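Below: the structure, in structure tokens.
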Amino acid sequence: MAFKSVPVVPAGEAGALAAVADNRNQRLRRPEISDQTQIDPLTPLYCPDGAIALTAGRYAISERLCKGCGICAQESPGIRMVPEYTGPRGILN
Amino acid sequence: MTDSANTAEELFGQGHAGCKGCGAAIAGRQAMAALGRRTIITVPASCMATLGGGNTQTTWRTPFYHTLFECAPAVASGIRAALDIQGVKDVNVVSWGGDAGSADIGFQSLTGAAERQEHMIHVLYDNEMYMNTGGQTGSQTPLYAITTNGALGKKVRKKNMPAIMEAHGIDYVASANIAFPADLIAKFQKAAAKEGFSYIHILAPCHRGWGIKPDQTVDIARRATECGLWELYELDQGRRTRTYEPGLTPVADYLRAQGRFRNLTDAETAEYQAYVDAHYGGWGGKN
Amino acid sequence: MSKLFITGSEAAALGAKLARIEVLAYYPITPAFPAMERLSKYIEDGELNARFIRAESDHSALAAVLGGSLAGARCYTVTNSQGLLLMTEVVYHTAGLRQPVVMGVANRALSAPHSRFPEHGDAVSQDASGWIQLFCENNQDVLDNTIQAFRLAEELRTPVMVNYEGYIQSHTLEEVAAPDQAGADAFLPLVRRPALDVERPQGVNTVTSPEFYPSYKYSQNEAALKALTLIPAIAAAYNRSFAAASCGLLEAYRMEEAEHAVVAMGSVVATSRILVDELRKQGKKIGLIKVQTWRPFPAEALLRLLQNVRYTTVLDKNIIFGVGGALANDLKAAAYGRLHTVINGAILGLGGSPCGAREIKEALEQTEKSEGGGNRSVWIGSDPPAGGTKR
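Protein sequences appear in the order of chains A, B and C.
Numbers 1 to 93, taken from my numbering, label the letters of the first sequence in order.
Numbers 94 to 380, taken from my numbering, label the letters of the second sequence in order.
Numbers 381 to 771, taken from my numbering, label the letters of the third sequence in order.
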């Protein structure tokens with residue numbers, strides 16, 4: 001078999017997952033910010049995935065990191081969950 | 094949604110391999126917000142250990158080490174010793190175990206490190222069952238909770254870990270809850286400033302094990318404190334302070350919302366309520 | 381160099397002190413405890429600048445020194461028998477993390493039944509752990525091997541176990557020539573390679589998939605194989621620095637024209653030397669091979685010495701049930717298709733039972749009787765009888 005190039009001490013690069021993670025396929029629903037003024041400032045600390053942040057005075061949710069758990073929408077009236085997929089459905093639906 | 098939101102580098106959590114709505118990951122993110130970059134963290138076998146990285150990639154931006162199950166506080170003791178001998182003083186050394194890795198299989202090394210008053214913080218992130226193996230009963234599983242190997246519910250009470258740790262006479266003992274991040278962060282900041290051993294016990298629900306929806310993780314955790322089953326308090330050099338005054342809602346609001354308590358009878362619910370009424374504030378209701 | 385009259389425990393402690401260990405952790409156990417107490421005294425007396433972690437178990441002791449090593453310190457621990465078994469999980473883990481921890485093991489028999497006496501069963505239980513395992517013939521070896529172990533471990537990035545037998549070595553005084561501190565410092569330059577470092581964070585021991593796992597194991601095995609060349613080189617450097625006579629992998633003693641070879645490790649080597657001298661006086665063509673490095677197994681070096689030998693008696697102070705002694709088993713595997721010698725594995729000295737010249741001689745006689753009779757172990761000792769087991 002082809003051996004991988006590995007470090008001597010088994011270890012992973014710090015923070016590397018943040019750069020490559022793509023959690024979109026875990027979502028059935030996605031959070032949508034409907035009102036910036038109705039977001040609890042603690043919401044970023046409730047997010048398990050570090051997917052929501054306040055930057056330049058506005059909250060934004062990462063398309064890539066969000067797994068669609070819905071905690072942010074539970075905690076903040078300014079966020080609501082919408083279906084991830086809105087296109088045509090197959091015969092079973 | 095946008096991708097600009099994740100440009101802010103988080104010390105832990107972005108891209109982790111845990112479930113959606115993971116309570117452990119929330120606990121980790123809140124704690125790291127307090128601890129900062131100069132922190133070495135050891136995590137024994139647990140969801141927290143495995144969700145943190147795979148192969149050559151990790152979500153941690155601080156030094157992280159996935160230890161064996163029984164010994165994270167012992168490893169942390171060695172790390173502290175090594176830092177001391179190298180004259181490194183400004184690094185937090187943390188062992189972060191689940192309920193099994195702290196209260197059960199990991200208890201020996203925890204009590205050892207606490208008794209030695211090692212300069213470190215031990216965190217028990219508590220999802221009240223052995224979730225990394227699918228959700229079996231452990232010492233931190235509460236009375237009557239149904240688990241994957243206890244379909245009839247647990248017959249005995251949860252072991253009171255903060256009380257046990259208090260008995261070690263360590264610098265700092267605190268309970269915390271992911272639904273109260275400001276309180277949690279303040280406690281980590283206090284612990285990090287101590288010269289000796291600190292113990293922080295965080296209630297961090299696992300929606301899979303608890304039979305709740307992923308989006309209820311924080312809400313259910315909050316109810317645990319609001320109903321008095323998870324008092325938020327600290328013992329700073331032995332001085333006990335309640336850090337949040339809840340409304341003391343009925344325990345049923347917390348218990349009945351969870352699948353793991355689906356078989357709870359009215360009498361059992363009343364028993365829970367009576368227990369909270371008698372003991373809120375510590376054993377014998379001392380506060 | 382200075383001449384000292386010290387026990388094996390003191391030699392182990394002195395070796396660790398000369399190596400200027402920085403983190404020490406242990407959990408008391410007999411017969412390893414005198415080495416532990418001596419190290420603690422060095423620290424308390426200010427002769428050794430190290431942090432001591434009073435671990436609450438052997439498992440935690442090794443875990444603590446592992447933590448110290450991951451954070452860049454030179455670390456040492458001592459244990460034996462049940463302590464080593466309790467540590468086992470961490471023993472394997474330390475090797476997998478490639479941490480240069482050095483551990484002294486005051487070999488003692490394993491329970492059950494309970495025994496506190498010398499035997500190699502504990503070390504043999506760690507056979508596949510990935511640690512380099514050195515065995516000491518005498519207290520000089522304990523000191524020499526302990527010092528060399530740090531250089532070996534750090535160059536190879538693999539932990540090293542230094543085995544010396546309980547009581548026979550740990551509690552017995554012998555004359556030992558010791559390097560001075562300046563010489564030891566020059567021999568053991570400290571190079572820190574912290575895996576846990578806030579300046580260069582990384583995640584150690586991540587969940588590893590089948591794509592990656594074999595690569596780590598392959599590199600671990602390569603390191604073990606590299607030890608077969610590194611150990612003699614380090615021994616040669618040590619001997620040059622300190623006018624010592626450390627043998628590295630193994631030593632051939634009076635093997636010239638030998639027809640019968642004794643192969644052994646640990647204290648029974650010293651006894652075998654006396655017997656070989658005696659038998660040579662009687663005109664018997666007999667020699668001795670001291671196996672100092674047992675893991676990795678120095679197969680090629682051993683086979684070279686046994687090319688022209690008719691009988692080989694392997695002395696094992698351990699038993700792998702249903703298989704035989706570990707050393708004999710290794711030699712038989714290595715010799716397959718390569719040697720024509722009769723290899724007789726002799727089990728003796730278990731649980732502190734006698735393994736003096738008389739027992740070794742009995743083993744030799746059994747070997748010479750068993751020509752063509754196959755390679756099975758004989759049990760040496762007054763009871764049970766050789767060649768069989770007692771109900």
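No residue lacks a Cβ here, since even glycine has one placed at the ideal position from N, Cα and C.
Computed from a prediction, not measured in an experiment: that's the story for all the values here.
Are the Cβ atoms of residue 314 of chain B and residue 252 of chain B separated by less than 7 Å? No, they are not a contact pair.
Pick helix, strand or coil for residue 657 of chain C, following the three-state DSSP scheme. In the structure shown, residue 657 of chain C sits in a helix (DSSP, three-state: H, G or I).
The segment 411–428 of chain C contacting the segment 383–391 of chain C, beta-carbon criterion three pairs below 8 Å: Contact annotation: the segment 411–428 of chain C touches the segment 383–391 of chain C, with at least three C-beta pairs closer than 8 Å.
How many angstroms separate the CA atom of residue 633 of chain C from the CA atom of residue 665 of chain C? Near 12 Å, if we compare the C-alpha coordinates of residue 665 of chain C and residue 633 of chain C.
Could you check what DSSP says for residue 645 of chain C in three-state terms: helix, strand or coil? Correct three-state label for residue 645 of chain C: coil.
By how many angstroms is the C-alpha of residue 8 of chain A removed from the C-alpha of residue 599 of chain C? Each residue's alpha carbon lies about 8 Å from the other.
Among residues of its own chain, excluding the 5 on either side of residue 266 of chain B, which ones have a beta-carbon nearer than 6 Å to its beta-carbon? Contacts found: 255, 258, 259, 292, 328.
Evaluate residue 734 of chain C with the Cβ neighbour count: other Cβ atoms within 10 Å of its Cβ, from every protein chain shown; 16 or more gives buried, anything less gives exposed. Exposed: under 16 other Cβ atoms inside 10 Å.
Does any residue of chain D bring its CB to less than 7 Å from the CB of residue 14 of chain A? The chain labelled as chain D is not found among the protein chains of the depicted structure, namely A, B and C.
Return yes when the Cβ of residue 138 of chain B is within less than 7 Å of the Cβ of residue 297 of chain B, no when it is not. In this structure, residue 138 of chain B does not lie closer than 7 Å to residue 297 of chain B by Cβ.
If the cut-off is 9 Å on Cβ atoms, which residues from the segment 74–91 of chain A count as contacting chain B, listed in chain order? If the cut-off is 9 Å between Cβ atoms, the segment 74–91 of chain A has 74, 75, 81 near chain B.
Neighbour-count burial assignment, residue 491 of chain C, 16 or more Cβ in a 10 Å radius: The residue is exposed, with fewer than 16 neighbouring Cβ atoms inside 10 Å.
For residue 20 of chain A, go through chain C and note every residue whose CB falls closer than 8 Å to its CB, in chain order. Within chain C, no residue comes near residue 20 of chain A; the closest Cβ sits about 14 Å away, beyond 8 Å.
Using 8 Å as the cut-off, can you tell me whether the segment 491–505 of chain C makes contact with the segment 614–632 of chain C, which would need three or more C-beta pairs spanning the two stretches below that distance? Segments in contact, no.
Using a C-beta cutoff of 7 Å, does residue 157 of chain B count as contacting chain C? Taking Cβ atoms only, chain C reaches closer than 7 Å to residue 157 of chain B, which makes this a yes.
Cβ of residue 48 of chain A within 7 Å of any chain B Cβ: So yes, residue 48 of chain A belongs to the interface.
Under 7 Å by beta carbon: chain B residues contacting residue 26 of chain A: The answer, in chain order, is 113.
With 16 other Cβ atoms within 10 Å as the buried cut-off, status of residue 247 of chain B: Residue burial is scored here from C-beta neighbours: residue 247 of chain B has at least 16 other C-beta atoms within 10 angstroms and is therefore classed as buried.
Is DSSP giving residue 32 of chain A helix, strand or coil here? The DSSP-derived three-state label of residue 32 of chain A is strand.
Assuming the contact rule is C-beta atoms closer than 8 Å, residue 707 of chain C and residue 558 of chain C should be a hit. Round their C-beta distance to whole Å, please. Between residue 558 of chain C and residue 707 of chain C the Cβ distance is about 29 Å, and since that is not below 8 Å, they are no contact.
State yes or no: is the beta carbon of residue 496 of chain C nearer than 7 Å to at least one beta carbon in chain B? The Cβ of residue 496 of chain C sits no closer than 7 Å to any Cβ of chain B.
When the cut-off is 7 Å and only beta carbons count, does residue 592 of chain C lie next to chain B? Yes, because at least one Cβ of chain B sits closer than 7 Å to the Cβ of residue 592 of chain C.
Could you pull out every residue in the same chain whose Cβ sits closer than 8 Å to the Cβ of residue 344 of chain B, ignoring the five residues on either side in sequence? Excluding residues within five positions, the ones whose Cβ falls inside 8 Å are 320, 321, 322, 362, 365, 366, 369.
With DSSP as the reference, label residue 336 of chain B as helix, strand or coil. Correct three-state label for residue 336 of chain B: coil.
Chain B within 7 Å of residue 110 of chain A, Cβ atoms only: Outside the modelled stretch of chain A, which goes from 1 to 93, sits residue 110 of chain A, for which no answer is possible.
Is residue 99 of chain B helix, strand or coil by DSSP? Confidence in residue 99 of chain B is poor, its pLDDT being 49 and thus under 50, which makes the residue's placement too unreliable to answer from.
What residues in its chain sit with their C-beta under 6 Å from that of residue 727 of chain C, if we drop five residues either side in the sequence? Once the five neighbours on either side are set aside, the close Cβ partners of residue 727 of chain C are 696, 699, 705, 757, 759.
Excluding five sequence neighbours on each side, which residues of the same chain lie with their C-beta closer than 7 Å to the C-beta of residue 54 of chain A? Answer for residue 54 of chain A: 44, listed in chain order.
Would you identify the three-state DSSP class for residue 251 of chain B, choosing helix, strand or coil? Note: residue 251 of chain B maps to coil in three-state DSSP.
Whole-angstrom distance between residue 428 of chain C and residue 419 of chain C, CA atom to CA atom: Answer to the nearest angstrom: the Cα atoms are 8 Å apart.
Could you check if residue 645 of chain C is buried or exposed, using at least 16 other CB atoms within 10 Å of its CB as the buried criterion? That one is buried.
State the DSSP-derived secondary structure class of residue 720 of chain C, mapped to helix, strand or coil. Residue 720 of chain C: coil per DSSP, three-state reduction.
What residue range is occupied by the uninterrupted alpha helix (DSSP H) comprising residue 369 of chain B? Residue 369 of chain B: member of the alpha helix (DSSP H) spanning 359–372, first to last residue.
Cβ of residue 12 of chain A within 7 Å of Cβ of residue 586 of chain C? With respect to residue 586 of chain C, residue 12 of chain A sits close: the two C-beta atoms are nearer than 7 Å.
Where residue 4 of chain A meets chain C, residues with beta-carbon distance less than 7 Å: Scanning chain C for C-beta atoms nearer than 7 Å to the C-beta of residue 4 of chain A yields 591, 592, 595, reported in chain order.
Option nearest residue 687 of chain C by Cα separation, candidates C/636, C/745, C/400: Checked all of C/636, C/745, C/400; the closest Cα to residue 687 of chain C is C/636.
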